[in-house]
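Take a look at the structure set out below.
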Ligand SMILES: [Zn+2]
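Residue numbers (this note's numbering): 119 to 565.
Put into structure tokens, the structure is as follows:
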């Protein structure tokens with residue numbers, strides 16, 4: 119039995135082209151049932167016992183839920199613990215030792231903290247990569263929040279400077295991933311499984327080949343990092359004789375079911391390869407700047423027809439999990455070398471919505487407000503000094519609005535936040551537990 123929700127009098131962004139319409143949206147059974155003027159509850163479809171509620175969206179922008187396609191929920195407790203380092207030092211000196219010290223309890227709190235921050239900032243779905251161990255705890259924690267996520271267990275079976283607790287044998291890594299896949303690979307569920315080999319540097323040829331085979335066989339998404347940093351590209355070149363994306367292609371890890379985070383340093387051939395294979399690129403502008411990785415050739419990739427979506431990456435390399443920051447920065451950064459007309463607000467908005475849905479293989483269900491699509495919606499107050507006058511709402515959303523302007527968040531027809539109050543997560547409790555878990559984590563690492 120489903121509940122009905124009616125959003126009245128909003129300024130709504132409708133369809134893939136996000137056309138501005140003042141209208142009502144009727145939600146039922148987790149989906150958008152109707153879009154139009156003066157809608158009311160469909161009494162003929164209702165049976166007794168079904169709850170109905172109305173949200174007055176007057177003065178608010180109603181837009182599709184934002185989708186972040188590259189996040190590490192497990193790293194949220196490390197926010198502020200790994201500043202001012204470049205990628206490989208950042209991993210070896212801080213992130214890997216901290217990930218190695220995680221317990222199921224600290225991972226649970228880290229994931230809840232991340233999801234709370236993302237919901238409060240209007241993100242309704244994420245593609246994530248967790249750590250090597252205890253990934254089940256993350257699946258279970260996220261499932262309880264009503265948030266939508268594709269979650270991957272990090273796989274790493276080779277590499278220098280990896281702590282003992284993160285070193286896996288190839289078979290162990292595959293077995294644990296398959297075990298999680300069997301439990302969580304349900305297309306109807308809000309929480310789903312993806313394969314997440316960390317990056318070519320810390321994965322054996324055998325592991326990557328096997329992931330490629332299993333992903334195709336089971337129609338599962340693969341989420342990994344590629345060509346983020348020049349030293350990383352050099353390491354892969356020395357080991358394999360190939361550039362990073364060329365190498366991933368050679369093991370079968372390109373295609374419409376493969377999502378590559380970063381892709382900052384690409385050859386002409388690699389760009390062509392990404393376009394030809396329909397491989398998705400996950401752009402993380404804040405992370406690329408903070409780790410001094412470089413500026414990804416996003417305009418060039420978009421011109422070639424590559425699907426590029428957005429993510430905050432992990433809290434220690436950003437240090438926010440905020441899609442508004444990423445949309446704004448994605449647009450601004452491309453203008454540096456491509457001119458002021460490059461990557462306009464509408465393109466940044468699409469990267470944060472429909473392109474994210476495409477990455478997840480869910481463009482028919484997510485990424486825009488349309489009848490029949492899932493009801494993942496965000497209501498944003500645009501009547502504040504910094505968002506006035508909102509004459510062009512997409513421009514206001516991308517260049518002026520901030521995460522704290524988000525008022526209401528709906529995922530799969532369920533209201534997860536209203537009036538900035540979270541309903542599925544006890545915010546105060548999670549913040550306090552995060553502080554104590556962080557202290558204990560530092561004690562275990564000796565930081
Ligand atoms: Zn990452």
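Backbone N, C-alpha and C define an ideal beta-carbon position, used for all residues, glycine too. These numbers come from a predicted model, not from an experiment.
- Nearest to residue 369 by C-alpha distance, out of 418, 394, 435, 331, is 331.
- Residue 474 and residue 463 have their alpha carbons spaced roughly 16 Å apart.
- Within the same chain, 413 come within 8 Å of residue 455 by CB-CB distance, once the 5 residues on both sides are set aside.
- The C-beta distance from residue 353 to residue 205 rounds to 11 Å, too long to meet the 8 Å contact threshold.
- Here residue 217 is buried. Its C-beta has 16 or more other C-beta atoms within 10 Å.
- Taking a contact as a CB-CB distance under 8 Å, the pair residue 299 and residue 338 counts as one, their CB atoms being some 6 Å apart.
- Assigned with DSSP and collapsed to three states, residue 271 falls in strand.
- The C-beta distance from residue 209 to residue 275 rounds to 16 Å, too long to meet the 8 Å contact threshold.
- A buried status is given to residue 406, since no fewer than 16 other beta-carbon atoms sit within 10 Å of its beta-carbon.
- For residue 385, the CB contacts under 6 Å within the same chain, skipping 5 residues up- and downstream, are 361 in chain order.
- Taken in chain order, the unbroken stretches of beta strand (DSSP E) that lie wholly in the segment 188-264 and span 3 residues or more are 241-247.
- Fewer than three pairs of CB atoms, one per stretch, sit closer than 8 Å, so the segment 227-247 makes no contact with the segment 287-303.
- At least one heavy atom of ligand 1 is found less than 8 Å from the C-beta of residue 402.
- Following the DSSP letters along the chain, one finds residue 315 in no alpha helix (DSSP H) but inside the beta strand (DSSP E) bounded by residues 309-315.
- Annotation for residue 343 indicates a beta carbon within 8 Å of some heavy atom of ligand 1.
- Between ligand 1 and the CB of residue 247, the shortest heavy atom gap is smaller than 8 Å.
- Secondary structure in the segment 456-506: the alpha helix (DSSP H) runs of 4 residues or longer, each lying completely within the stretch, are 463-469, 472-477 in chain order.
- In this structure, residue 143 and residue 471 do not form a Cβ contact; the two beta carbons are roughly 16 Å apart against a cut-off of 8 Å.
- Secondary structure remark: continuous alpha helix (DSSP H) runs of at least 4 residues inside the segment 344-414, in chain order: 348-358, 362-368, 386-395, 403-408.
- Distances from the CB of residue 190 to the heavy atoms of ligand 1 include at least one below 8 Å.
- In the structure shown, residue 126 falls within a strand segment according to DSSP collapsed to helix, strand and coil.
- Looking only at 252, 367, 281, 432, the smallest Cα-Cα distance to residue 189 is reached by 432.
- With contacts defined by Cβ atoms closer than 9 Å, residue 476 and residue 485 form a contacting pair.
- Between residue 136 and residue 467, the gap from beta carbon to beta carbon is short of 9 Å.
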